[in-house]
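The opening residue of the sequence shown carries number 86 in the numbering used here; numbering runs sequentially from there.
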Amino acid sequence: MTMHNKSRIHILIVDDDKAFRIATSALLRDEGYMVKAVRGGEEALRAIAEESFDLILSDLVMEGMNGIELLQHIKHAIHDAMVIMVTGFGSVQSAVEAMHNGAYDYVTKPCNNDELVIKIRRAIDEKLKSEELTRLRGLLQTEANFSNIITRNEKMRQVFKLIQQVAETDVTVLVQGETGTGKELVARAIHYNSPRKDLPFITIQCSAIPSTLLESELFGYEKGAFTGAVRHHRGKFEEAEGGTIFLDEIGDVSVDIQIKLLRVLQEKQFSRIGSNISVSADIRIIAATHRNLEMMVTEEKFREDLLYRLNVFPIKLPPLRDRLDDIPLLAEHFLEKHKSLSHNPISGFAASAIHDMMNYEWKGNVRELENLIKRAIIKTDTPTITALELSSTGSGSHSPTVVDSPTTTSLPYKQYLENVIRDAELKFLIRILKESKGNLNQVARIMNVDRKTIYRKLEEYSIDYLAYRE
């Protein structure tokens, strides 16, 4: 669940019950929110015209304008307004009607304070996520704004922070992550945020070039250096002069090439094949690998001194299975990016498709997700994508972890998606509790949140952490 600064969240309470207004205002102010309370619909509309509110908590049954009428006015004025309705036990059907009219959720009187606080927190989180998606779409203008790295995940936000920290320096960067996690995107983000951004960015796929050809590709050669060398050839290091060279899958290069790369890193010089003349190399090197280079060093497959030279500033990318909250965002991004592949307009994904994506083991990571969505766009002849060919890829196990029942699949998309995300969060929390044997300090470190957040989540999911202690 997203963490937000409550002191900046402004909530409007609309209720003709004075006792409810006073009690609920006190509760939410104690939670740290800014609160304004009014008696009815007319006052609420005047308040909305004068101030901006992140969430509106409105009674359904009020004198004068009732809650449904107020909701319709609010939605007409602010289409993305977040509204939670308050109703008596006998009026739940009216609350459901309100949700069909655009309300986010409802609570029943007398309100359970914990339930109310949790629902408000979820609503605010949903609003902030929507605003973040809008913000990210706005960044799709230039590479310098990390335009191709789409995320709301905290681990990826830490990667953004590292990129920003290292971009303006000239140090060597080693990007580590599984295949398909976006290592080249990180390298590009570093380059296009650096002083070298107006100079070349050259990519070398080390694993795609035979070892016998890689040396000439990197360093170039002189005419007559070998059979077939009929003219002078500039290598990638010369082409990248003044800019950045990205050595993708550095773990796949031979030991001979490793020695020559070590010289470039140490002396900023290299020699073309067939020449004894040294050429200066004013370039920045960014390397990437999906391999465990430390293990390769122990196996004597990778030079330890080269690893030290490369690993000046390491950046580790999380796999997609550790970024479940990014999947809906990425899916929508790739749908928008590749929608021209279809002759039919596709508006989005069915809840069942989101469910399947959230519960799939993405061994191919973001690249696999993009490829599967492209395939689905081509094959879909309905307004929404209802399924992806997950089980046929062979790269993951399609094992749903959320119970699929008529009561869940019939929910509105946002609620269904929230259920899926909550289910994933619960399972992740339980796994971390098991691994840490109920040590909440360790759980907080792993999840990168404070202990107060952990306690709140334990209470929210009714988890007894003592049961996991040995």
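Ideal Cβ positions, reconstructed from N, Cα and C, are used throughout, including at glycine. Keep in mind the model is a prediction, meaning the values are calculated, not measured.
Short Cβ contact (7 Å threshold) for residue i with residue j
| i | j | result |
| --- | --- | --- |
| Leu156 | Ala132 | no |
| Phe304 | Phe355 | yes |
| Tyr306 | Arg357 | yes |
| Val260 | Val397 | no |
| Val202 | Glu116 | yes |
| Asp410 | Asn238 | yes |
| Leu145 | Gly152 | yes |
| Val364 | Met443 | no |
| Thr297 | Glu334 | no |
| Leu391 | Ala372 | no |
| Tyr550 | Leu514 | no |
| Ile248 | Glu300 | no |
| Lys565 | His428 | The requested residue 565 does not occur in the structure, where the chain is confined to residues 86 to 555. |
| Leu454 | Leu415 | yes |
| Asp100 | Glu148 | no |
| Met184 | Lys212 | no |
| Leu112 | Asn197 | no |
Presumed contact (8 Å Cβ cut-off) between residue i and residue j, rounded CB distance
| i | j | result |
| --- | --- | --- |
| Ile234 | Ala274 | 6 Å |
| Gly125 | Lys160 | Their Cβ separation, rounded to whole angstroms, is 18 Å, which puts Gly125 and Lys160 out of contact at 8 Å. |
| Ala129 | Val123 | 5 Å |
| Met150 | Glu136 | Actually they do not touch by this definition, with Cβ atoms about 19 Å apart. |
| Gly327 | Arg281 | 7 Å |
| Asp441 | Leu475 | 6 Å |
| Ala162 | Asp190 | Not a contact, Cβ separation roughly 20 Å. |
| Val258 | Leu402 | With 8 Å as the limit, Val258 and Leu402 do not qualify as a contact, their Cβ atoms being about 12 Å apart. |
Which residues DSSP lists as bridging residue i, in chain order
| i | result |
| --- | --- |
| His95 | Met119 |
| Ile371 | Val258, Phe331 |
| Ser363 | Ser356 |
| Leu142 | Ile98, Ile169 |
| Tyr191 | Met170 |
| Ile289 | Leu332 |
| His318 | Tyr306 |
| Phe434 | Ile470 |
Where residue i falls: helix, strand or coil (DSSP)
| i | result |
| --- | --- |
| His483 | Confidence at His483 is low in this model, with a pLDDT of 37, below 50, so the placement of that residue is unreliable and no value is reported for it. |
| Ile531 | helix |
| Ile235 | coil |
| Phe311 | coil |
| Tyr553 | helix |
| Lys386 | coil |
| Ile566 | Given a span of 86 to 555 for the chain in the structure shown, any question on residue 566 remains unanswerable. |
| Lys401 | strand |
| Thr469 | strand |
| Thr109 | helix |
| Gly267 | coil |
| Ala461 | helix |
| His185 | helix |
| Tyr546 | coil |
| Gln226 | For Gln226, the predicted model reports a pLDDT of 37, less than 50, meaning its position is unreliable; a value from the coordinates is still stated below. Looking at Gln226 - three-state DSSP - the assignment turns out to be coil, as it is neither helix nor strand. |
| Thr478 | Residue placement at Thr478 is flagged as unreliable, the pLDDT there being 41, under the threshold of 50; the coordinate-derived value follows with that caveat. The answer is coil: DSSP assigns Thr478 none of H, G, I, E or B. |
| Thr493 | Annotation note: pLDDT 45 at Thr493 (below 50); position unreliable, no value reported. |
| Gly149 | coil |
| His276 | helix |
| Leu284 | coil |
| Arg429 | Contrary to the premise, residue 429 reads as Asn rather than Arg in this sequence. Here Asn429 sits in coil by DSSP. |
| Leu164 | Before going further, note that residue 164 is His rather than Leu in the sequence given. Here His164 sits in coil by DSSP. |
Pick from the options that is closest to residue i, judged by C-alpha positions
| i | options | result |
| --- | --- | --- |
| Ser292 | Pro285, Glu503, Leu332 | Leu332 |
| Gly359 | Ala162, Ala314, Ser521 | Ala314 |
| Thr266 | Ile400, Ile141, Lys282 | Ile400 |
| Glu510 | Ile548, Lys522, Ala129 | Ile548 |
| Gln527 | Arg319, Ser296, Val171, Arg554 | Arg554 |
| Arg319 | Ala366, Val338, Gln290 | Ala366 |
| Gly336 | Tyr277, Asn278, Ser215, Glu263 | Glu263 |
| Met556 | Ile205, Phe138, His164 | It is not possible to answer for residue 556, since the shown part of the chain is limited to 86 through 555. |
| Gly449 | Lys345, Thr312, Leu405, Pro280 | Leu405 |
| Glu269 | Arg281, Gln290, Gln249 | Gln290 |
| Ala252 | Gln243, Glu154, Ala272 | Ala272 |
| Pro195 | Gln250, Ser363, Thr109 | Thr109 |
| Ser339 | Lys282, Val382, Gln250 | Val382 |
| Ile412 | Lys424, Glu389, His428, Ala436 | Ala436 |
| Lys321 | Arg369, Ala134, Ile362 | Arg369 |
| Arg452 | His418, Ile439, Thr254, Gln351 | His418 |
| Gly433 | Lys464, Pro403, Thr254, Ile470 | Ile470 |
| Pro285 | Glu302, Glu324, Pro295 | Glu324 |
| Glu446 | Ala461, Ile462, Arg408, Ile431 | Arg408 |
| Ser215 | Val177, Phe311, Asp139 | Asp139 |
| Glu503 | Asp210, Lys542, Leu473 | Asp210 |
Contact test: residue i Cβ vs the ligand SAH heavy atom, cutoff 6 Å
| i | result |
| --- | --- |
| Asp466 | This structure simply doesn't include the ligand SAH, nor any ligand for that matter. |
Beta carbon proximity, residue i to chain C, threshold 7 Å
| i | result |
| --- | --- |
| Phe311 | Absent from the structure is chain C; it holds one protein chain and no more. |
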